[in-house]
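Heads up: the sequence shown at position 127 corresponds to 478 in the working numbering, and the numbers run straight through without jumps.
For each residue, glycine too, the CB sits at the ideal point set by N, CA and C.
Notes to accompany the following structure.
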Amino acid sequence: MFFYLSKIAGFFAIPSNAMVMLCVLGLLLLTSRYREAGARMIAAGVALLLIFGLSPASNLLLLPLSERFPAWSAAGRPPDGIIVLGGAIDPESSQARGSPELDSSGERMIAMLQLARRYPNARIVFSGGSAALVGEAVSEAPIVGDLLEDFGTARARIVLEGDSRTTAENATFTRQLVSPKPGERWLLVTSAFHMPRSVGAFRKAGFEVEAYPVDWRSRGWSDALSPFGAVSLGLARTDTAIHEWIGLIAYWATGRSSELFPGPRKAS
């Protein structure tokens, strides 16, 4: 139920969708006795599209998320396992084309292949099913399993979890599947902006992981005041940031995260 509610509510919570719907509603009101209100709604919608499409506002929304966890340090002993979260493969297109089709988070797959080669004794766990609300459900996991084997990763090292549809399920199902032992070192690979919610979900599931953020989307805080050259770019980043902030609040409120805004553990 949580999955379906999150998908339906998520559509209306996407800022760019809301801004466009505001303009459409304003246009409809122009033909009624609420013409003045309609004009104001159109003006507000256009202003929001320009602000979040061209100004640095979306960077200011995303940077606190993506900069929450620093880049992983290779100091210490090699990891026992590497967990890579889904969301980097377009499963429907991959199935139709007969080859892996990556989406905007494809850096997760690059990091996975690099880490699999760098740490030949580590287990490689991919967690990702289908997030489709309608139509055929095509899991990412088998596609990623084939990709790993194509790049020389032994099948015995690969663990595929293909039933999860949410980040909370990623954490719960992966813990059940690999049964981590005390003292083991596990890396969690996902997009930097998605790392706070992911780490919170894994901690809630009782699975301690080390953050390995990728797919940063920016150069860092130096981009805080950088505008965009295309409205579509700024809106896409705004949608991503708001989606994650809403996800953090929803996970904390429903008990799916260890805390509201998870961050690195303080050294003991």
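Under the DSSP assignment, Thr518 falls outside any beta strand (DSSP E), being part of the alpha helix (DSSP H) whose first and last residues are 518 to 529. When Ala519, Ala575, Gly389 are compared, the shortest CA-CA separation from Phe558 is found for Ala519. Short of 8 Å from the beta carbon of Glu452, and not among the five residues preceding or following it, lie these beta carbons of its own chain, in chain order: Ile440, Asp441, Ser444, Ser445. Residue burial annotation: Leu436 is buried, with at least 16 other C-beta atoms found within 10 angstroms of its C-beta.
Check the Cα spacing between Trp572 and each of Lys555, Glu418, Ala364, Pro613: the tightest is with Glu418. Just so you know, the alpha carbons of Leu499 and Leu464 end up roughly 7 Å apart. Arg428 has its alpha-carbon roughly 43 Å from the corresponding atom of Glu487. Distance from the CA atom of Glu512 to the CA atom of Gly479, rounded to whole angstroms, is 6 Å. For Trp423, there is no enclosing beta strand (DSSP E), as DSSP marks it with neither H nor E. Excluding five sequence positions before and after Ala492, the CB atoms of its chain that fall closer than 8 Å to its own CB belong to Gly437, Phe477, Ser478, Gly479, Gly480, Leu511, Glu512, Gly513, given in chain order.
Straight-line measurement puts the Cα of Ala604 at about 42 Å from the Cα of Thr382. It is roughly 8 Å from the alpha-carbon of Thr591 to the alpha-carbon of Leu413. The Cβ atoms of Leu416 and Phe544 lie closer than 8 Å to each other. Between Trp537 and Val560, the C-beta spacing is below 8 Å. The beta carbon of Phe502 sits closer than 6 Å to the beta carbons of Leu464 from its chain, once the five residues preceding and following it are set aside; these are given in chain order.
Under the three-state reduction of DSSP output, Val540 falls in the strand class. In this chain, the alpha helix (DSSP H) harbouring Glu500 covers 492 to 501.
Under a 10 Å Cβ-count criterion, Gly606 is classified as exposed, with fewer than 16 other Cβ atoms of the shown protein chains found around its own Cβ.
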